[in-house]
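The sequence shown finishes on residue 239 if you use our numbering, and the numbering steps up by one all the way, no holes.
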Amino acid sequence: MVIFPLRMHGVTAHFRKKRLVGPIDITIETEGFTIVMGPNGAGKTTLLRLMHGLQRCSGGGVEWAVPQAKAREKQAYVFQSPIMMRRKVIDSIAYPLRLRGLGVSAARAKAQECAGRFGLENLLDSWAPMLSGGEKQKLSLARALVIKPDILFLDEPCANLDGRSTREIEEILLDAQASGTRIIMSTHDIGQARRLAQDVIFMYDGKIHEQTTAEIFFTAPATKEAQAFINGDIVE
4 MVIFPLRMHG
14 VTAHFRKKRL
24 VGPIDITIET
34 EGFTIVMGPN
44 GAGKTTLLRL
54 MHGLQRCSGG
64 GVEWAVPQAK
74 AREKQAYVFQ
84 SPIMMRRKVI
94 DSIAYPLRLR
104 GLGVSAARAK
114 AQECAGRFGL
124 ENLLDSWAPM
134 LSGGEKQKLS
144 LARALVIKPD
154 ILFLDEPCAN
164 LDGRSTREIE
174 EILLDAQASG
184 TRIIMSTHDI
194 GQARRLAQDV
204 IFMYDGKIHE
214 QTTAEIFFTA
224 PATKEAQAFI
234 NGDIVE
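Here's what the structure looks like:
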């Protein structure tokens with residue numbers, strides 16, 4: 004089942020009559036590692052939530068190549084602050100598989116295999132809410148990737164992590180992308196964007212100001228707002 008492309012047509016989102024984003028017109032193709040960038044309040048998180056279906060459009064529409072319900076089965080979302088279930092690590096990773104009808108033993112076996120790839124093999128019997136920040140984010144990624152999604156959305160997944168944890172997360176994401184998972188991720192970290200991005204969506208004032216390859220964006224941005232952001236200046 005091919006769920007791509009993802010198309011957004013004239014999409015807007017409002018909260019209490021205030022425009023959060025839009026109008027947005029964008030097409031996301033099958034492959035790549037897309038980084039969404041922009042200053043605080045630019046609409047990065049709202050864009051990801053609209054794409055994934057966590058937030059309803061006030062106007063316009065989000066369309067996949069398949070019905071929304073089918074597309075939802077093939078995607079995953081990781082939040083900036085990891086959401087931990089009150090379960091052991093192994094059962095937290097197995098949970099998405101159980102939702103998809105896999106038996107307890109089979110789901111746990113797949114979860115154990117997945118945990119090994121994320122460096123969580125020694126924490127399988129640990130209580131998930133008691134993990135460190137880096138461990139929680141790796142658990143969130145394992146829980147998202149155990150279903151082998153076609154697309155993974157990530158909202159600032161390394162914002163609160165130290166350098167070592169960030170490097171480990173980046174390696175996991177690059178491996179996932181190389182294995183065929185389409186990744187769309189927001190970040191404020193320009194260094195991280197340079198390391199990971201194949202293409203960049205730059206947002207400002209709730210709109211997409213630029214959508215281009217990472218090479219073009221970082222060497223010859225088309226707008227003064229993007230240039231200021233890259234330079235570390237205040238974007239007004």
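Ideal Cβ positions, reconstructed from N, Cα and C, are used throughout, including at glycine.
is_contact[residue i, chain D] using C-beta, thresh 7 Å
i, result
"W130", "Within the model displayed, chain D is absent; a lone protein chain is all it includes."
Inter-residue Cα distance where the pair is residue i and residue j
i, j, result
"V14", "G64", "6 Å"
"T190", "I38", "7 Å"
"A200", "G104", "35 Å"
"E116", "I29", "37 Å"
"L3", "L123", "Lying outside 4 to 239, the shown extent of the chain, residue 3 is not represented and no answer is given."
"G62", "I27", "10 Å"
"M87", "M133", "9 Å"
"G119", "E239", "45 Å"
"D1", "F36", "Coverage of the chain is limited to positions 4 through 239, which leaves residue 1 absent and any answer about it impossible."
"P152", "Q140", "17 Å"
"M40", "V203", "7 Å"
"C161", "R19", "30 Å"
"G3", "E159", "Residue 3 falls outside the range modelled here, since the chain spans only 4 to 239, and no answer is possible."
"E218", "P224", "9 Å"
"A45", "L51", "12 Å"
Residues bridged to residue i [DSSP beta-bridge criterion]
i, result
"H212", "H212 is not bridged to any residue."
"M40", "F205"
"Q78", "I154"
"W130", "K91"
"R10", "T30, E66"
"A16", "V24"
Spatially closest choice to residue i from the options, by CA coordinates
i, options, result
"A114", "R103, V149, L164", "V149"
"A97", "F82, A131, S84", "A131"
"Q9", "R120, A196, T48, H55", "This sequence places Leu at residue 9; Gln is not what is there. Here the closest residue by C-alpha is H55."
"S129", "A79, Y207, A231, K91", "K91"
"V107", "C117, A118, G119, I93", "I93"
"A1", "R198, F221, L164, L155", "It is not possible to answer for residue 1, since the shown part of the chain is limited to 4 through 239."
"F121", "G136, R59, L144", "L144"
"T240", "E66, A229, Q71, H17", "Absent from the model: residue 240. The displayed extent of the chain is 4 to 239, so no value can be given."
"E171", "F205, G136, T184", "G136"
"S84", "H12, M4, E138, Y207", "E138"
"M4", "R75, P42, R59, Q58", "R75"
"T216", "H12, E173, E34", "E34"
"E32", "G235, W67, Q230, K227", "W67"
Expected contact under 8 Å - CB spacing of residue i and residue j to nearest Å
i, j, result
"I237", "I193", "About 15 Å separates the two Cβ atoms, so there is no contact after all."
"L157", "V81", "5 Å"
"G209", "L23", "6 Å"
"Q249", "I186", "Since the first residue of the chain shown is 4 and the last is 239, residue 249 is not available in this structure."
"A110", "L100", "4 Å"
"K77", "I175", "Incorrect: roughly 19 Å between the Cβ atoms, too far for contact."
"E213", "F221", "The Cβ separation is near 11 Å, so there is no contact."
"M206", "K47", "6 Å"
"R198", "E173", "7 Å"
Proximity test, residue i beta-carbon vs the ligand NAD heavy atom, cut-off 6 Å
i, result
"A196", "Of ligands this structure carries none, so the ligand NAD is not represented either."
Whole alpha helix (DSSP H) elements within the region 181-235, 4-residue minimum
193-199, 217-222, 227-234
What are the start and end residues of each continuous alpha helix (DSSP H) run of 4 or more residues lying completely inside the region 156-182, in chain order?
166-181
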